[in-house]
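Undergrad:
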Amino acid sequence: MTEQHAVTRTLTTREVVKPTPAELMEDTGTGLDFGTRPDRMPGHLTPADRFFVRNHAPTPRLDAATWTLMIEGDGVRAPVSYTYDDLWRRFPMVSVVRTLECAGNRRALFAEETGARFDGTQWGRGAVGTAEWTGVRLRDLLEPAGITSRACEVMPEGLDAARARRPLPLAKALADDTLLAVAMNGEVLPLDHGFPARVVVSGWLGAASIKWVGRIEVSEQPLRVPWNTRDYVLFGPGHPAEGTPITGVPVSALVELPWPARLRRGPQIVRGRAFAGERAVAAVDYRVDDDPWRPAVLTTPGTAGVWARWQFHWNPRPGDHVIRVRAIDDQGRAQPDSSAWNALGYCQNAVLAHPVMVG
């Protein structure tokens, strides 16, 4: 068992700031991690009060007046530091809408699929959310430090007790939509979501979007830390012995119904979301019981790094049913019938058989 998983499994007290009522959030039992109820996603953006929380340690209470960000390492010519006020006053602000998803999302369903027991947070379907993030492009903060010609990785580090950190390739760190965010959905970042500042990495697993950032290391050598060697790594068939660090997340679909669901009789609309990481969602199909697959209607465009919304009309007969939904990305990759097995239960994206009782 990894160190981070050990912390997650033994913590019994609640260590986040915002309320997490059962009518909005799913409690994973760790005291640190809370998912969004899929039937409580009201719009394209996930409100901050119900955006999923994934912590490796209790939410820190940081003071913006004394907070500083240090950029250093052998990949810069001269270290620089910024205050919170610097972020707001010295650099252009940009806003992007991006979806974040934990690589362990649906781990509990992966266990049901395979009959295995995976360590780590036992997520249902709720470790995914979309927000408008506002902040400074990471490249604008790095530029004054003078990136060397041999720099290859950039690693943000959090100020939580776990010092969560995960390196990015230089090209990803310098991308237009990689931000150091200071606001979420038009409001100052909430404590649980990274105040004073967090990284937002488009299309990658949520663990790359480090919260409570206080230091960024720019390195001329590949960096190895627990978050890319022991956790957030695929171990198993088809992967080298040291594992394959997870970057982008695979295409998947989410039905906005409880599990299992109980519906009234009569015509209704079934809705959901689909996400394909760095790729765009091109289509979503649905199937009820043994009926043929049919196309759902995309009600928002599936762009890279952002989920798409979909829906279909259904007039069900009373009784027990199963709804299956599969998303397809812009490279033609569709959700498989079974997930690729890995030892830590990451990246579950098989088509789910969603149980529904009508009447």
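Counting from 1, position 36 in the sequence shown corresponds to residue 36 in full-length UniProt numbering; the numbering is continuous, with no gaps. For glycine and all other residues, C-beta sits at the position ideal for the given N, C-alpha and C.
Going by DSSP in three states, residue 130 sits in which element: helix, strand or coil?
TA: Residue 130 falls in the strand class under three-state DSSP.
Undergrad: So the beta strand (DSSP E) residue 68 belongs to, where does it begin and stop?
TA: Looking at the DSSP string, the run of the beta strand (DSSP E) that includes residue 68 is 68-72.
Undergrad: Return the bridge partner residues of residue 270 from the DSSP annotation.
TA: Paired residue(s): 312.
Undergrad: Would a C-beta distance cut-off of 8 angstroms place residue 213 and residue 253 closer than the cut-off?
TA: No; because the gap between Cβ atoms is not below 8 angstroms, this pair is not in contact.
Undergrad: Could you check if residue 320 is buried or exposed, using at least 16 other CB atoms within 10 Å of its CB as the buried criterion?
TA: By the 10 Å Cβ count, residue 320 comes out exposed.
Undergrad: Considering only residues of the same chain and omitting the five flanking positions on each side of residue 53, which have a CB-CB separation below 7 angstroms?
TA: Result list for residue 53: 16, 33, 34, 192, in chain order.
Undergrad: Per DSSP, residue 355 is paired with what?
TA: For residue 355, which the question treats as bridged, DSSP gives the partners 322.
Undergrad: Between residue 250 and chain D, is the shortest Cβ-Cβ distance under 8 angstroms, so that the two count as touching?
TA: The structure shown contains no chain D; it is built from a single protein chain.
Undergrad: Give me, in chain order, the residues of the same chain whose beta-carbon lies closer than 6 angstroms to that of residue 233; leave out the 5 immediate sequence neighbours on both sides.
TA: Hits under 6 angstroms: 243, 245.
Undergrad: Per the contact definition of three or more C-beta pairs closer than 8 angstroms, is the segment 288-297 in contact with the segment 219-228?
TA: Because the criterion of three Cβ pairs below 8 angstroms is not met, the segment 219-228 and the segment 288-297 do not touch.
Undergrad: Spatial neighbours of residue 262 within its chain, please: C-beta separation below 6 angstroms, excluding the five flanking residues on both sides.
TA: Counting only Cβ-Cβ distances below 6 angstroms, and skipping sequence neighbours, we find 357.
Undergrad: Name the one or two DSSP bridge partners that residue 232 has.
TA: Paired residues: none, contrary to the question.
Undergrad: For residue 345, which of helix, strand or coil comes out of DSSP?
TA: Coil.
Undergrad: With a threshold of 8 angstroms, are at least 3 pairs of Cβ atoms found where one atom belongs to the segment 305-314 and the other to the segment 97-111?
TA: They touch, by the three-pair rule.
Undergrad: Terminal residues of the continuous beta strand (DSSP E) containing residue 181?
TA: Where residue 181 is concerned, the enclosing beta strand (DSSP E) stretches over 179-184.
Undergrad: Which of the three DSSP states, helix, strand or coil, is assigned to residue 14?
TA: Three-state DSSP puts residue 14 in coil, outside helix and strand.
Undergrad: Going along the chain, which unbroken runs of the alpha helix (DSSP H) with 4 or more residues stay wholly within the segment 45-114?
TA: Entirely contained in the segment 45-114, the alpha helix (DSSP H) runs reaching 4 residues are, in chain order, 84-89, 107-114.
Undergrad: By DSSP's criteria, residue 244 is part of a beta bridge. Which residues make up the other side?
TA: 234.
Undergrad: Here's the rule I'm using: 16 or more other beta-carbon atoms within 10 Å means buried, otherwise exposed. How should residue 185 be labelled?
TA: Buried: at least 16 other Cβ atoms inside 10 Å.
Undergrad: Grab the span of the beta strand (DSSP E) containing residue 215 for me, first residue to last.
TA: Note, residue 215: beta strand (DSSP E), 213-219.
Undergrad: From this set, 241, 280, 359, which residue's C-alpha is nearest residue 265's C-alpha?
TA: Nearest of 241, 280, 359 to residue 265, Cα basis: 359.
Undergrad: What's the C-alpha gap between residue 170 and residue 156?
TA: Rounded to whole angstroms, residue 170 to residue 156 spans 12 angstroms at the Cα level.
Undergrad: Return helix, strand or coil for residue 204, following the three-state DSSP convention.
TA: In this structure, residue 204 counts as strand in the three-state DSSP scheme.
Undergrad: For residue 255 versus residue 277, is the C-beta spacing smaller than 8 angstroms?
TA: In this structure, residue 277 does not lie closer than 8 angstroms to residue 255 by Cβ.
Undergrad: So the candidates are 260, 145, 132, 45; which of them puts its Cα closest to the Cα of residue 77?
TA: Comparing Cα-Cα distances from residue 77 to each of 260, 145, 132, 45, the minimum goes to 145.
Undergrad: Just tell me which of 180, 114, 55 has its CA closest to the CA of residue 94.
TA: When only C-alpha atoms are compared, the closest one is 180.
Undergrad: Identify, in the order they occur along the chain, each residue of the same chain with its Cβ nearer than 7 angstroms to the Cβ of residue 282, setting aside the five sequence neighbours on each side.
TA: Within the same chain, residue 282 has close Cβ partners 302, 328, 329, 330.
Undergrad: Using the Cβ count rule (16 or more neighbours within 10 Å means buried), how would you classify residue 352?
TA: Answer is buried; the Cβ neighbour count reaches 16.
Undergrad: If you check the beta carbons only, do residue 120 and residue 257 fall under 8 angstroms apart?
TA: The answer is no: Cβ separation not under 8 angstroms.
Undergrad: Determine the direct distance from the alpha carbon of residue 24 to that of residue 40, and round the result to whole angstroms.
TA: Cα-Cα distance, rounded: 6 angstroms.
Undergrad: From what residue to what residue does the beta strand (DSSP E) around residue 173 run?
TA: It is not in any beta strand (DSSP E) - residue 173 instead sits in the alpha helix (DSSP H) that spans 170-173.
Undergrad: Using DSSP bridges, identify the partner residues of residue 34.
TA: DSSP lists 27, 53 as partners of residue 34.
Undergrad: Return the first residue and the last residue of the alpha helix (DSSP H) that residue 141 is part of.
TA: Looking at the DSSP string, the run of the alpha helix (DSSP H) that includes residue 141 is 138-142.
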